[in-house]
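Per our numbering, the sequence shown runs over residues 2 to 88.
A quick write-up on the structure given underneath.
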Amino acid sequence: MAETRDIPASELRTHLGAVLDAVRAGETIGVTHRGARIARIVPEADAAARRQQALDGILAFRAEHAGHLPKLDPAAIKALIDEGRRN
Numbered sequence: 002m003a004e005t006r007d008i009p010a011s012e013l014r015t016h017l018g019a020v021l022d023a024v025r026a027g028e029t030i031g032v033t034h035r036g037a038r039i040a041r042i043v044p045e046a047d048a049a050a051r052r053q054q055a056l057d058g059i060l061a062f063r064a065e066h067a068g069h070l071p072k073l074d075p076a077a078i079k080a081l082i083d084e085g086r087r088n
């Protein structure tokens, strides 16, 4: 992945068109607020490739561990989520 160029959020507001042109050309832009990166603007092709890579990883994990993972019905999953919210 290419190096990310950071710009302050105030500069993004002022130069949005130029920033979008840079992203369209393949550049990844980090947006900062008070010196901390709060967001990244990435070319859509890069984002789609990362989503596919993540999905492939999840599917590979599921295939590898299919016999070892417990079977949970939707009610059990909801109960676990609700329990986590209470803690």
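Cβ coordinates follow ideal geometry from the N, Cα and C atoms, glycine included.
In this text the structure is predicted, and so the values were computed from the model without any measurement.
Less than 7 angstroms separates the beta-carbon of A40 from that of V32. Sixteen is the threshold: since fewer than 16 other Cβ atoms of the shown chains lie within 10 Å of the Cβ of I78, the residue is exposed. The straight-line gap separating the alpha-carbon atoms of A48 and G58 is approximately 15 angstroms.
Inclusion of I8 and V24 in the CB contact set at 7 angstroms is not warranted, their separation being larger than that value. One Cα belongs to E4, the other to I30, and the distance between them is close to 9 angstroms.
In this structure, the straight-line span from the alpha carbon of L70 to that of A61 is close to 13 angstroms.
The continuous stretches of beta strand (DSSP E) do not include R35, and DSSP gives it neither H nor E.
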